[in-house]
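Worksheet for the structure shown next.
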Amino acid sequence: MSTSVAAGLALCALLAYLTYWLLFRVARKGSRLRGPPSPSSWLLGHEIELLKQTTAGELERQWTEEYGTVTRLSSFAGQTTFFLSDPKGLQYVLNEKVNNTPKGGDNDLFGTALMGKGLTVVSGQAHLRQRRVLMPAFSTSMTREWAELFQDHGDKMMEKIKSQAEENPSVNILEWTTKFALDVLGLSGFRHQFGAINGENVPITQELRDALYV
26 MSTSVAAGLA LCALLAYLTY WLLFRVARKG SRLRGPPSPS SWLLGHEIEL
76 LKQTTAGELE RQWTEEYGTV TRLSSFAGQT TFFLSDPKGL QYVLNEKVNN
126 TPKGGDNDLF GTALMGKGLT VVSGQAHLRQ RRVLMPAFST SMTREWAELF
176 QDHGDKMMEK IKSQAEENPS VNILEWTTKF ALDVLGLSGF RHQFGAINGE
226 NVPITQELRD ALYV
């Protein structure tokens with residue numbers, strides 16, 4: 026390797042390091058929000074720690090207790106993200122500032138692959154347009170009509186959970202609440218019985234189970 030090539034590579038490496046330091050180190054130092062120490066992997070960030078935890082939510086609980094209800098985290102490739110658990114803050118973001126708080130590229134990529142460009146994935150004008158279309162279905166009068174449906178399926182879900190808990194006290198609540206949501210949304214929105222809570226063998230239900238790990 027010639028001296029000029031080696032010098033050029035060294036210069037590129039130096040410029041890359043300076044760019045990284047300016048974009049990420051200075052940005053982190055200037056932030057007033059607290060957060061956990063830098064992750065072991067700059068590429069994967071704190072997300073790998075969240076995926077590795079044995080008890081879901083335990084790490085988030087520790088961070089909230091130590092750093093507050095708005096915690097600064099490092100995401101993929103050093104991107105700064107925020108973990109928000111304050112109810113008022115969530116209401117403000119989701120109801121008033123939804124267009125100014127993008128969900129992130131990973132959510133767009135994986136969310137679109139899993140569910141398509143639906144309400145929970147899209148943002149900006151597309152999100153507002155879909156919300157306007159769906160709002161009549163979530164009015165007070167409509168939700169009042171659904172109250173009996175929700176109560177009925179809630180009772181069914183609790184009976185199943187109690188029965189399972191008699192054999193094993195460890196219950197995956199997320200699994201059951203996902204089944205509950207699938208059933209009530211199927212009946213209230215599409216007049217379709219998925220039978221997720223009862224474990225019915227409906228083809229489309231099985232496909233959704235495979236996709237959502239229900």
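Numbered by this note's numbering, the letters in the sequence shown go through residues 26 to 239 in order.
Beta carbons: idealized from backbone N, C-alpha and C, even for Gly.
DSSP beta-bridge partners of residue i
{"i": "residue 99", "result": "105"}
Residue environment, residue i, which counts as buried when at least 16 other CB atoms sit within 10 Å
{"i": "residue 169", "result": "exposed"}
{"i": "residue 88", "result": "buried"}
{"i": "residue 60", "result": "buried"}
{"i": "residue 224", "result": "exposed"}
{"i": "residue 160", "result": "exposed"}
{"i": "residue 229", "result": "exposed"}
{"i": "residue 111", "result": "exposed"}
{"i": "residue 96", "result": "buried"}
{"i": "residue 180", "result": "exposed"}
{"i": "residue 208", "result": "buried"}
Under the three-state DSSP convention, the category residue i falls into
{"i": "residue 222", "result": "coil"}
{"i": "residue 201", "result": "helix"}
{"i": "residue 58", "result": "coil"}
{"i": "residue 177", "result": "helix"}
{"i": "residue 111", "result": "coil"}
{"i": "residue 148", "result": "coil"}
{"i": "residue 157", "result": "helix"}
{"i": "residue 194", "result": "coil"}
{"i": "residue 78", "result": "coil"}
{"i": "residue 216", "result": "coil"}
{"i": "residue 64", "result": "coil"}
{"i": "residue 164", "result": "coil"}
{"i": "residue 134", "result": "helix"}
Close Cβ partners of residue i (< 6 Å) along its chain, the five nearest in sequence each way excluded
{"i": "residue 51", "result": "Any reading at residue 51 is ruled out, since the residue's pLDDT is 47, under 50, leaving its predicted position unreliable."}
Residues of its chain near residue i, where Cβ-Cβ distance is below 7 Å and the 5 sequence neighbours each way are ignored
{"i": "residue 62", "result": "none"}
For the segment 149-167 against the segment 195-206, do three or more pairs of beta-carbon atoms, one drawn from each stretch, fall closer than 8 Å, so that the two count as touching?
no
I'd like to know if the segment 63-76 and the segment 95-106 are in contact, where contact means that at least 3 CB-CB pairs between them fall below 8 Å.
yes
Taking 8 Å as the threshold, find out whether the segment 177-188 comes into contact with the segment 133-152 through three or more Cβ pairs.
no
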